[in-house]
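Here the structure comes first, spelled out in C-alpha cells, and everything after it is commentary.
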Amino acid sequence: MLEANRAELRLLHSDLEKLTFRGKAFFDARVTTSNAHALITSLGQYAPTRFSGAIRRQSNEWVDLRLGAGSCAAMACIADSDRSPEKAELYVFDRDGGVQHHIEIADADDIDLLAIFETTDESPVFSGGRLPAAASSDNVVPFAGVKAARQHWNSGRQWHFDHLLNQQRESRLQLLPHVGRKRARRIAVEMLPSFLNSLERQTMPFCRTVVTGSMMHSDNQPLSDLAHEGSNFRFASRRGDQMYLNLATIDSCWHTRFRDQGETVSLLEFYAAGDCVAVFSPHRHHAAHYWHSLLASLPQASAL
C-alpha cells in the first residue's frame, strides 16, 4: 500500500496520443505491454506510433506500438519525489480495468515529460469484466463477417493487423474456420514447444507482437536468445527487449496466409479465452517465403 506522505499517485487524463508523442523523447524508459498470457518489454524511446488505418512501418530500434480505437480507459502516474526523485511509473488501463501498458522511468528529464499530463478527479468507468468466451455459440457462423474477410483477405499486412487490433471479442477467431483452408488452418498446439525451440537455430529475423485490448507492441529485432521453463518461453533480442509467452494458457494457434504486394505472407496467431494474445510474423525487410515454409511444416490440429 502506498504511503501518502511518500508517494504521489495521480490519475491522468487518458490521452495515449499525447503519451506516445512525448514518449519519442524518452531517454531511459522500460516499456511493457501485457495480457494474462504474454508480455513484451522494450527499452528506450517510442517510435512514431501508428494508429489503425495508418501504414504499418516496423521499427527495429525504438518501442514499436500500434493503437486501435478505445485503447485506453484510464492512465495513472505514481512517483515518490522524496525517496526516488528520478523514478516514476505510469500505468495505462484497458476498458476492463486491467493494466495493459506500464512505463518505468528512471531519468529526471524523462520525468519532466510527464508534467504535460493534466490530472483529473473523475473516476474511470470500467466495463466490470468481459463476458466469458462461452457466451458466443460455436454453432453460429457470422456470415457477413466471413464474406467481408474473404473479400479483404489479400489486402496485405496492414489489413490483417488492423483486423486483429479492432475486432471485438472472438470475431476473428470465429471467422478463421470459415475463410478457407488455404487462408487459415489450425495448428496442433502440442507441437508448438518443439517448434518454438527450433526458432533459435533459424537465421531469419521474425517479429514478435503482443496484443492486448486495442494495443499492439512489437519486437522486430533479431532473436539473440530463447529459453523456457516448463510452458513459459522467453524470447530476447540483441537490444535487450524481451517477450514472454505461456503456452499452457494457449487454447488454439492458427497459421494464416495472405498476399501482400505479390508475395505470400504467413502469421502465427496465438489465442486464449477467445482473444488473440500474440502474433509472430516475418520481418518486412526480409524474404517472407522462408518464414512461410517454416509455418507450413507445422502439423494441423486434429478435427474436433
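Going by our numbering, the first residue of the sequence shown is number 9, and it counts up by one from there.
In this text, a Cβ means the ideal position worked out from N, Cα and C, and glycines have one as well.
Distance between L275 and L302 (C-alpha atoms, nearest Å): Taking the sequence shown and counting its residues from 1, the one referred to as residue 302 is at position 294. Taking the sequence shown and counting its residues from 1, the one referred to as residue 275 is at position 267. L302 and L275: Cα-Cα distance of roughly 11 Å.
Proximity of L181 and M224 at Cβ, strictly below 8 Å: Position 173 of the sequence shown, counting from 1, holds the residue named residue 181. Position 216 of the sequence shown, counting from 1, holds the residue named residue 224. Taking 8 Å as the Cβ cut-off, L181 and M224 do not qualify as a contacting pair.
One or two residues paired with Y54 in a DSSP bridge: In the sequence shown, counting from the first residue as 1, residue 54 sits at position 46. For Y54, which the question treats as bridged, DSSP gives the partners V71.
Member of P201, L121, F125 whose CA lies at the smallest distance from the CA of C261: As a first step, residue 261 must be located in the sequence shown, where it is residue number 253. When only C-alpha atoms are compared, the closest one is P201.
Buried versus exposed, by CB contacts within 10 Å (16 or more), T40: Here residue 40 corresponds to residue number 32 of the sequence shown, with the count starting at 1. T40 should be labelled buried.
For L306, three-class secondary structure by DSSP: As a first step, residue 306 must be located in the sequence shown, where it is residue number 298. L306: coil per DSSP, three-state reduction.
The beta strand (DSSP E) enclosing S232, as first and last residue numbers: Numbered from its first residue, the sequence shown carries residue 232 at position 224. Following the DSSP letters along the chain, one finds S232 inside the beta strand (DSSP E) bounded by residues 231 to 237.
As assigned by DSSP and simplified to three states, the class of D117: For the purposes of this step, residue 117 is taken as the residue at position 109 of the sequence shown. Helix.
Chain-order list of residues whose beta-carbon lies under 6 Å from that of N162 (same chain, five-residue window excluded): Position 154 of the sequence shown holds residue 162. Taken in chain order, the residues that qualify are F266, R267.
Three-state secondary structure assigned by DSSP to S222: As a first step, residue 222 is located in the sequence shown; it is residue number 214 there, counting from the start. The answer is coil: DSSP assigns S222 none of H, G, I, E or B.
Contact the region 18 to 37 vs the region 108 to 127: 3+ CB pairs below 8 Å: With a cut-off of 8 Å, the region 108 to 127 and the region 18 to 37 count as touching, because enough Cβ pairs lie within range.
Minimum Cβ-Cβ distance from P290 to chain C less than 8 Å: You won't find chain C in this structure, because it holds only one protein chain.
Coil, strand or helix - Q182 by DSSP: As a working mapping, residue 182 is identified with position 174 in the sequence shown. In this structure, Q182 counts as helix in the three-state DSSP scheme.
Proximity to Q308 [Cα-Cα], best of T264, G221, V71: Reading the sequence shown from its first residue, position 300 is the one you call residue 308. Looking at the Cα atoms, T264 is the closest of the given residues.
Helix, strand or coil at W161 [DSSP, three-state]: Walking along the sequence shown from the start, residue 161 turns up at place 153. In this structure, W161 counts as coil in the three-state DSSP scheme.
Residues that DSSP places opposite S274 in a beta bridge: Along the sequence shown, read from residue 1 onward, the residue named residue 274 stands at position 266. DSSP, once it has assigned bridges, lists R265 as partnering S274.
Beta bridge counterpart(s) of I258 as assigned by DSSP: For the purposes of this step, residue 258 is taken as residue 250 along the sequence shown, with counting starting at 1. Per DSSP, none; premise fails for I258.
E208 versus A235 - alpha carbon distance: Residue mapping note: residue 208 aligns to position 200 of the sequence shown, counting from 1. Residue mapping note: residue 235 aligns to position 227 of the sequence shown, counting from 1. C-alpha separation (whole angstroms): 9 Å.
contact_flag[the region 240 to 260, the region 164 to 171] where n(CB pairs < 8 Å) is 3 or more: Short answer: they don't touch.
Best match in V154, T211, V219, Q175 for proximity to G188 [C-alpha to C-alpha]: Here residue 188 refers to the residue found at position 180 of the sequence shown. In terms of Cα proximity to G188, the closest of V154, T211, V219, Q175 is V154.
Local Cβ density within 10 Å of H45, reported as buried at 16 or more and exposed below that: On the sequence shown, position 37 is the one that residue 45 refers to. Buried, since its Cβ has 16 or more Cβ neighbours within 10 Å.
Delimiting residues of the alpha helix (DSSP H) encompassing L200: Translated into the one-based positions of the sequence shown, residue 200 becomes position 192. Per DSSP, the unbroken alpha helix (DSSP H) holding L200 starts and ends at 200 to 206.
Beta-carbon proximity of E130 to R38, cut-off 8 Å: Reading the sequence shown from its first residue, position 122 is the one you call residue 130. Reading the sequence shown from its first residue, position 30 is the one you call residue 38. No. Outside cutoff.
According to DSSP, residues forming a beta bridge with I86: Reading the sequence shown from its first residue, position 78 is the one you call residue 86. Note: I86 sits in a beta bridge opposite L17, E97.
C-alpha gap between S232 and S226, whole angstroms: For this step, residue 232 is matched to residue 224 along the sequence shown. For this step, residue 226 is matched to residue 218 along the sequence shown. Rounded to whole angstroms, S232 to S226 spans 16 Å at the Cα level.
Buried or exposed by the 16-neighbour rule on C-beta atoms within 10 Å, applied to L211: The residue you call residue 211 lines up with position 203 of the sequence shown. It is Thr, not Leu, that sits at residue 211 in the sequence shown. Its Cβ having fewer than 16 others within 10 Å, T211 is exposed.
Three-pair Cβ contact test at 8 Å for the region 43 to 57 versus the region 69 to 88: Contact holds: three or more Cβ-Cβ distances are below 8 Å.
Bounding residues of the beta strand (DSSP E) (the contiguous stretch that carries T40): By 1-based counting over the sequence shown, the position of residue 40 is 32. DSSP places T40 in the uninterrupted beta strand (DSSP E) bounded by 37 to 42.
I195 - partner residues in DSSP beta bridges: Taking the first residue of the sequence shown as 1, we reach residue 195 at position 187. Note: I195 sits in a beta bridge opposite C261, Q308.
Closest by C-alpha distance to Y252, when choosing among S50, A33, D36, G31: For the purposes of this step, residue 252 is taken as residue 244 along the sequence shown, with counting starting at 1. Nearest option by C-alpha distance: S50.
Where E25 sits in the DSSP three-state scheme: Residue numbering aside, residue 25 sits at position 17 when the sequence shown is read from its first letter. In the three-state reduction of the DSSP assignment, E25 falls in the helix class, which pools H, G and I.
DSSP state of S289 mapped onto helix, strand, coil: Here residue 289 is taken as the residue at index 281 of the sequence shown, counted from 1. In this structure, S289 counts as strand in the three-state DSSP scheme.
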